[in-house]
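Chains as they are written, first to last, in my numbering: chain X, 15 to 359; chain S, 15 to 359; chain D, 15 to 359; chain B, 15 to 359.
Where a beta carbon is used, it is the ideal one built from N, C-alpha and C, also for glycine.
4 protein chains.
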Amino acid sequence: MSDTSCRIAVLGASGYTGAELVRLIATHPALEIVALSADRKAGQEMGAVFPHLRHLDLPTLQRIEELDLSGVDLVFCALPHATSQSVISALPSDLKVVDLSADFRLRNLAAYETWYGKPHSAPDLQKEAVYGLTEFYRAEIRAARLVACTGCNAATGQFALRPLIEAEVIDLDEIIIDLKAAVSGAGRSLKENLLHAELSEGYHPYAAGGTHRHLGEFDQEFSAIAGREIRVQFTPHLIPANRGILATVYVRGDGAQIHTTLAQAYAEEPFLQVLPMGELPSTRHVRGSNFCHIGVVGDRIAGRAVVVAALDNLTKGSSGQALQNANLMLGMEETMGLVLAPVFP
Amino acid sequence: MSDTSCRIAVLGASGYTGAELVRLIATHPALEIVALSADRKAGQEMGAVFPHLRHLDLPTLQRIEELDLSGVDLVFCALPHATSQSVISALPSDLKVVDLSADFRLRNLAAYETWYGKPHSAPDLQKEAVYGLTEFYRAEIRAARLVACTGCNAATGQFALRPLIEAEVIDLDEIIIDLKAAVSGAGRSLKENLLHAELSEGYHPYAAGGTHRHLGEFDQEFSAIAGREIRVQFTPHLIPANRGILATVYVRGDGAQIHTTLAQAYAEEPFLQVLPMGELPSTRHVRGSNFCHIGVVGDRIAGRAVVVAALDNLTKGSSGQALQNANLMLGMEETMGLVLAPVFP
Amino acid sequence: MSDTSCRIAVLGASGYTGAELVRLIATHPALEIVALSADRKAGQEMGAVFPHLRHLDLPTLQRIEELDLSGVDLVFCALPHATSQSVISALPSDLKVVDLSADFRLRNLAAYETWYGKPHSAPDLQKEAVYGLTEFYRAEIRAARLVACTGCNAATGQFALRPLIEAEVIDLDEIIIDLKAAVSGAGRSLKENLLHAELSEGYHPYAAGGTHRHLGEFDQEFSAIAGREIRVQFTPHLIPANRGILATVYVRGDGAQIHTTLAQAYAEEPFLQVLPMGELPSTRHVRGSNFCHIGVVGDRIAGRAVVVAALDNLTKGSSGQALQNANLMLGMEETMGLVLAPVFP
Amino acid sequence: MSDTSCRIAVLGASGYTGAELVRLIATHPALEIVALSADRKAGQEMGAVFPHLRHLDLPTLQRIEELDLSGVDLVFCALPHATSQSVISALPSDLKVVDLSADFRLRNLAAYETWYGKPHSAPDLQKEAVYGLTEFYRAEIRAARLVACTGCNAATGQFALRPLIEAEVIDLDEIIIDLKAAVSGAGRSLKENLLHAELSEGYHPYAAGGTHRHLGEFDQEFSAIAGREIRVQFTPHLIPANRGILATVYVRGDGAQIHTTLAQAYAEEPFLQVLPMGELPSTRHVRGSNFCHIGVVGDRIAGRAVVVAALDNLTKGSSGQALQNANLMLGMEETMGLVLAPVFP
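Here is the structure:
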């Protein structure tokens with residue numbers, strides 16, 4: 015590492031998003047990991063918890079309160095929501111923080127309470143937080159101290175829809191997002207429905223009927239763009255795969271106009287790739303990468319179209335997005351360390 | 015086998031639906047397989063082509079023209095479409111036939127030509143054919159000589175929707191079917207996108223925009239029920255699993271009324287199971303069986319609901335359905351040989 | 015169910031082997047389930063715990079102590095080891111019991127303590143127990159009150175090796191069993207390494223170096239056949255699949271003689287299928303069934319051969335084997351309810 | 015790309031190893047792809063054949079004879095064997111070539127004919143070729159014009175065994191390699207047994223009994239080290255996963271000594287990681303990377319041990335290895351572009 019590297023700490027390094035951060039930073043040319051926390055696995059080496067990282071020279075996992083954060087330039091916080099609030103509140107108030115949890119995504123505290131079931135415990139921090147969907151909040155993120163990364167499902171849906179809502183080329187009251195998510199999005203937690211024997215060779219909807227918490231993000235962001243309340247219909251499904259989110263978005267509008275709108279909006283974006291009209295993406299083609307592929311197809315029913323967006327939930331959907339934000343916050347090139355090609359097959 | 019067994023031939027026994035027919039008939043108490051055809055594998059034993067069937071005492075695979083069909087009571091035709099037309103035309107005209115191909119599903123010959131790209135070569139047979147969605151055509155199937163089994167995707171969508179269209183409890187112009195299909199539905203054909211290395215850990219839409227041929231069945235059936243032209247929006251997706259179809263159907267209507275309508279319509283159906291309101295099915299719970307699980311959930315947006323239907327594409331979606339029809343055509347109990355419990359995990 | 019059905023209870027019905035017992039008994043013509051236990055899920059319906067069984071009319075899950083076992087003819091005990099000992103000790107001493115746990119497999123109590131780490135708590139019951147590898151203990155099982163089913167790995171290895179040891183056609187000191195096991199053999203327990211995200215797209219050895227408990231069974235059985243102490247080398251691997259065990263057994267001997275020995279030994283066995291010389295089995299061809307496929311191939315190194323056995327760990331490896339034993343204990347046809355064809359693909 | 019980049023051509027870019035080369039070179043700091051060939055897909059863009067590479071600015075696929083190789087510094091040849099011989103024979107004789115096929119691996123032309131079934135057509139080139147197992151042929155590779163990369167299975171077995179044979183710490187006549195290989199090793203070819211529906215949820219041995227062609231490499235290399243003929247027993251298995259090879263190697267010797275020998279031999283190797291004694295590797299921890307993890311465990315039978323090696327067949331097993339060799343041939347740092355962390359989960 016050069017002397018000009020920025021010094022990084024990762025809180026919650028024993029989860030999948032924590033490990034993905036470490037994987038990406040490992041080949042980032044200007045970041046150096048100097049502290050890793052994992053409460054239940056404190057004292058262990060990262061290479062024992064995640065043997066795929068055993069070739070790296072990494073600090074031993076510590077409890078958060080044991081970390082020495084002096085000289086740290088930026089902290090990634092990959093902790094469960096609710097925990098994040100209290101942990102970040104206790105950090106030095108001038109330390110840059112990229113939070114991967116849901117804690118600071120919703121600007122409206124009442125909305126937070128509605129979706130997460132209890133009052134926010136750090137309302138002042140919430141006011142300070144910038145929503146971390148990089149492509150749409152660049153200026154704010156560059157200036158931010160605390161960035162709240164977008165949820166993986168919420169990011170996928172927004173990449174498909176934001177320019178269309180902005181340009182008003184679709185009917186804002188007729189948006190349906192049918193989303194297919196791989197299992198790593200649920201984390202490394204021990205739940206029966208995440209077992210291989212349960213999930214492999216099976217797939218099913220969950221949190222249906224408008225109950226998934228990422229709807230809070232859709233509501234906030236789409237309404238802000240439209241200048242009025244927008245409510246989408248959203249059904250996530252769990253798919254027997256490890257990585258990937260594919261959102262099939264049903265909209266009303268002209269397919270060609272929709273495609274043009276997206277293609278123009280993302281023409282200069284390094285990670286958002288709009289496929290030729292009529293081509294649709296697959297999760298396999300973005301696996302392990304920070305790319306999002308977006309396709310548009312019209313329908314035999316006039317005035318209807320489908321927009322499909324695919325990304326890797328652990329990369330562009332969380333840890334890659336987080337690193338993209340950190341690059342901006344640290345004054346680096348936005349794409350630094352993130353241009354890894356997808357891994358296929 | 016008892017002396018009262020019916021004698022069965024399976025044409026096209028070297029494909030997945032052919033093998034599934036043999037699997038099911040193997041434990042059917044009143045059917046006996048006396049002839050099997052497979053042109054490219056003629057001369058081989060079924061147990062060589064499908065080693066999972068090697069314990070069975072089965073006739074050697076023959077070319078269709080070599081088969082001795084004298085004394086055969088019923089033929090299952092599991093051939094590719096287009097081939098079926100010519101093969102069935104050449105069969106004795108009093109032989110009962112259950113066709114698993116798409117050739118005789120569309121009553122309107124112009125619709126057939128539109129969806130399949132060439133004129134129908136056996137229009138007289140088409141007139142005779144009965145559409146094989148058992149639960150809705152029982153009387154006709156009992157009396158039929160030629161039954162055209164429903165396509166697997168088309169069956170799944172119809173189980174979710176027919177009673178709702180019939181009862182007019184949903185908006186008939188606002189139906190979206192987002193379908194997730196396992197790979198065995200594509201058959202045992204050698205295509206790059208069916209390779210394990212391509213499909214595993216990836217999923218994607220295909221035949222989007224209203225181009226999938228099963229739309230011809232939706233159009234025909236839903237329009238017939240409604241008494242006017244109905245056009246649904248339909249996007250199938252290929253999922254990394256071997257068996258299963260899950261249709262997530264977006265409708266406008268009252269969730270509770272929709273649930274009640276389905277529950278009442280299927281109250282006496284042995285294979286169509288409506289889950290309690292708010293519970294949604296998974297493909298893993300119907301695998302290898304003839305059951306279809308159906309769930310309903312309302313949405314946070316008033317007047318919207320989601321109906322989800324799951325079945326095994328090779329069983330209830332094709333070969334199980336075919337056997338169910340054959341039971342009726344042969345004057346047997348409809349469920350005979352079909353009450354096998356799903357295989358989970 | 016006919017009046018002549020035998021009445022069955024399943025203890026530990028909320029695990030995979032319990033569910034598999036219920037699946038198999040569901041189409042068994044002469045067994046009726048009258049009681050189901052599951053301590054942590056007592057009060058729930060089986061169809062809620064295992065929705066693939068929701069079409070069955072089953073008793074509600076109860077705590078073991080709540081069960082009414084009067085009139086029960088046979089109990090399947092699908093509990094964790096150690097628990098089985100105490101539960102079976104408390105059952106009426108004339109009740110027939112098929113135990114699927116490891117508790118009563120080892121006749122030598124010292125060996126039990128060595129492999130399971132604590133003294134056996136029911137030594138008298140152990141004396142009474144018959145080892146449940148059906149094909150080799152038929153007479154004893156028919157007369158038994160308590161049968162201890164063989165472990166799934168142990169069964170697979172024994173099917174490959176017992177006739178060869180008996181006939182002394184292989185070198186008894188040079189046996190290596192490299193075994194590949196699907197994940198359902200580890201049960202429905204919440205362990206990190208059983209998560210889909212951990213296991214899918216990965217495979218690895220476990221319990222290597224002679225530490226796997228099923229070695230106790232190999233030691234006992236092979237030594238008994240040989241009349242002297244036999245110790246095999248055994249390395250199990252966890253494979254990203256739900257069902258299946260494949261044992262690749264490296265032996266010294268003449269390939270043709272080995273094949274002949276196995277083919278003759280199993281010529282009349284309904285479930286043990288010896289493939290033609292040189293053909294090797296796959297787990298996919300026995301999935302969901304009670305069959306075991308066995309193949310033999312010689313090696314380019316003279317005097318060496320490989321025997322490969324494949325079965326479904328939940329069926330022939332546990333619940334199917336258990337039912338096969340129960341059929342014998344109840345005076346029924348051994349194959350009753352067990353001739354279901356494998357489910358492929 | 016800097017002006018000091020080396021200019022690279024990839025022949026056979028439409029297969030998996032070709033695509034993997036492009037993926038790796040995409041982030042290599044000193045290589046630039048200037049030509050890509052693919053006969054059957056000539057005229058197409060690489061991003062159409064492999065959409066995961068669509069973000070890259072790559073030359074259009076051409077037929078080999080259309081390629082302009084002037085100014086090219088090195089060619090990767092990822093063609094099928096037999097084809098490679100004739101293609102490489104026609105290349106300018108001063109052009110550096112890294113061949114990923116089997117054509118130039120066997121120094122003995124009679125051995126080539128034995129394993130590949132026909133005489134070698136370029137015996138002079140064969141004499142010139144250097145065997146490309148980087149860690150053991152570094153000096154020769156640095157000086158070579160033509161390097162023949164090691165087969166993926168052969169590499170895995172050799173990493174586990176070479177230092178042990180060299181140090182004579184194991185019995186050279188008692189080596190068994192039980193290998194588990196993911197499906198991408200079979201390439202993108204259209205074969206029935208590579209279909210998802212065939213392979214998923216199934217696993218099985220293939221090319222058993224000493225018939226797999228990679229045995230030619232084991233024979234050549236192990237015999238050369240030992241100074242006498244060595245013949246190992248080798249059984250590969252196809253596993254339902256996309257990437258990965260895991261070799262379970264049964265040896266006679268002292269476990270601790272074996273571990274020490276490997277640990278010392280690989281102490282300075284950047285990509286060969288010997289795990290602590292008793293720990294065994296998993297394919298999931300090397301996926302997408304150039305690392306090979308190696309573990310050793312003793313056995314309860316004295317004098318026996320198991321060595322387990324895991325690598326990614328497409329990376330360290332072929333394209334990563336090829337790039338490692340190219341780095342040496344071009345005078346670059348051996349690890350350049352290859353230190354990507356594995357992708358897990």
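Using the three-state DSSP reduction, which class does residue i fall into: helix, strand or coil?
i: R176/D; result: helix
i: D233/D; result: helix
i: A23/S; result: strand
i: C166/D; result: helix
i: T74/X; result: coil
i: L289/B; result: coil
i: D108/S; result: coil
Got a sec? Which residues, its chain only, sit under 8 Å from residue i by beta carbon, not counting five neighbours each side?
i: P137/S; result: L123
i: Q271/D; result: V183
i: V86/S; result: R21, I22, A23, V48, A49 and L109
i: A355/B; result: S303
i: C350/B; result: According to the sequence provided, residue 350/B is Met. The question's Cys does not apply to it. The residues are H42, P43, A44 and N341.
Once you ignore the five residues that flank residue i on each side, which residues in its own chain have a CB closer than 6 Å to its CB?
i: N304/X; result: F285, T329, K330, G334 and L352
i: S100/B; result: none
Determine the contact status of residue i and residue j, defining contact as a CB-CB distance below 7 Å.
i: V320/B; j: Y280/B; result: no
i: S332/X; j: T31/X; result: yes
To the nearest angstrom, report how far apart residue i and residue j are at their CA atoms.
i: D53/X; j: H95/X; result: 15 Å
i: V161/D; j: L276/D; result: 25 Å
i: I191/B; j: G267/D; result: 18 Å
i: F118/X; j: E283/B; result: 45 Å
i: I259/B; j: T297/B; result: 7 Å
i: A44/S; j: S198/B; result: 45 Å
i: I244/B; j: V310/D; result: 24 Å
i: S135/D; j: E142/D; result: 14 Å
i: A27/D; j: A92/D; result: 7 Å
i: N256/S; j: P254/B; result: 12 Å
i: A40/X; j: L337/X; result: 12 Å
i: R159/S; j: N339/S; result: 11 Å
Which residues in the same chain as residue i place their Cβ atom closer than 7 Å to its Cβ, once the five residues preceding and following it in sequence are excluded?
i: L147/D; result: T164, A169 and Q172
i: H218/S; result: H251 and L252
i: C174/D; result: The sequence shown places Ala at residue 174/D, rather than the Cys named in the question. Hits under 7 Å: A261, V263, I308, V321 and A323.
Using CA atoms only, rank isn't needed, just tell me which of the options is closest to residue i.
i: L70/X; options: M60/X, A211/X, L35/X and I78/X; result: M60/X
i: G317/D; options: Q140/B, E188/B and Q58/B; result: E188/B
i: G223/D; options: E127/B, G241/B, G312/B and L114/B; result: G312/B
i: L81/B; options: A104/B, L67/B and H66/B; result: A104/B
i: D113/X; options: V89/X, G131/X, Y220/X and A125/X; result: V89/X
i: L35/X; options: F64/X, G57/X and K55/X; result: F64/X
i: V144/D; options: E235/D, R314/D, G292/D and R242/D; result: E235/D
i: H210/D; options: E180/S, L139/S and E215/S; result: E215/S
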